[in-house]
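For reference, the structure discussed in these notes is given below.
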Amino acid sequence: MNLGDYNELEVARFVEFGVYLTSDDGDILLPDRYVPTGVQIGDMLRVFVYRDSEDRLVATTEQPLARVGDFAALTVKDVTGMGAFLDWGLMKDLLLPLRNQPKRVRTGDRVVVFIYVDDASDRLVATAKWEKFTDREPQLQPGQEVQLLIAGESDLGYAAVVDSRYQGMLFRNEVFRPMSIGDVLRGYVRQVRPDGKVDVSLQRQGYDEALAAADTLVQALRKAGGTLPITDHSDPEEIYRRLGMSKKVFKKALGALYRRGAVHLADDHTRLIEEE
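Using the working numbering, you'd call the opening residue of the sequence shown number 485 and step up by one each time.
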């Protein structure tokens, strides 16, 4: 039986308040509100197993927002003397102990955590010190596309969980849009550092970046009917809002298309020149 994860368990017997499921750790209650219609003894059910408010093993057919071994952005529902309680989609909230908070969280905060089973108590807990659970031997190559979970902000930039496994950094000069804790974005590997951390960017680098940006610009022009009210003199925020790219990348794309004779550049707009 895997605590904090999904299990395939057999229906052993019915009781007034639900059914008991058989596991190697003894029978586990699936409360009546979660029992599927038409279930019979001997049926196998896929359930999530955790502990209730009295530390008893209990099953549910509800799906949590995260499970053991996951990095996830969760919302703080309550703060007490023992720690914070996080909404993870189940009736019983997930504990974020004080010892696992690098800085104190407040109700309503969005916090990125790693979920694990505490060896001392055999309870599911979260930690906001997620970095120590990342893999420091990334199997990544420069330019590789990755998924980013924004986990923190500093003067340097934004800390991120890369591909749900590695510790990454998105430098502030690479960001051209508002960012929030918990945002999930597509990014690209700039380099893997000797300490195992990964520098990432929101844009492809070099020639591939220019080609991809040119394709994006052409598609945006077509979607807008052939003309966009932006030029190489437009505000960077306006360019990012419309195209999702920095002004530097936009100018590379615009230059590539202009050299091909694919666009006409005016003082206040860019027009696509489609081939006959």
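Think of the CB as a built atom: it goes at the ideal place given N, C-alpha and C, for glycine as much as any other residue.
Just so we're clear, the structure is a prediction, and the values are computed from it rather than from any experiment.
(1) Around the C-beta of Met653, are 16 or more other C-beta atoms found within 10 angstroms, so that it is buried, or is it exposed?
(2) Determine the direct distance from the alpha carbon of Tyr504 to that of Arg594, and round the result to whole angstroms.
(3) Span of the alpha helix (DSSP H) holding Pro515?
(4) If you count every other CB in all the chains shown that lies within 10 Å of the CB of Glu721, and 16 or more means buried, which is it?
(5) On the DSSP bridge list, what partners appear for Asn491?
(6) Taking 7 Å as the threshold (C-beta atoms), are Leu570 and Gly488 in contact?
(7) Please determine, among Leu578, Lys587, Ala604, the residue with the shortest C-alpha to C-alpha distance to Phe598.
(8) Terminal residues of the continuous beta strand (DSSP E) containing Phe569?
(9) May I ask you to verify whether the stretch 508-518 touches the stretch 538-551, counting CB pairs closer than 8 Å and requiring at least 3?
(10) Might you give, ordered along the chain, the residues of its own chain that have their beta carbon closer than 6 Å to the beta carbon of Arg661, omitting 5 neighbours on each side?
(11) Do Val676 and Leu624 come within 7 Å of each other at the CB atom, strictly closer than that value?
(12) Assuming Ala643 is part of the beta strand (DSSP E), what are its boundary residues?
(13) In terms of alpha-carbon separation, which member of Ala610, Leu756, Thr754 lies closest to Val560?
(14) Are the CB atoms of Leu756 and Gly710 nearer to each other than 7 Å?
(15) Just verifying my parser: in three-state terms, what is the DSSP assignment at Gln623?
(16) Give the DSSP-derived three-state secondary structure of Phe498 in the structure shown.
(17) Would you mind reading off the limits of the beta strand (DSSP E) that contains Leu686?
To lay it out plainly:
(1) buried
(2) 36 Å
(3) Element bounds for Pro515: not the alpha helix (DSSP H) but the beta strand (DSSP E), 512-515.
(4) exposed
(5) Val531
(6) no
(7) Leu578
(8) 567-571
(9) yes
(10) Tyr724
(11) yes
(12) 641-646
(13) Ala610
(14) yes
(15) coil
(16) strand
(17) Taken as a continuous stretch (DSSP letters only), Leu686 belongs to no beta strand (DSSP E), as it is neither H nor E.
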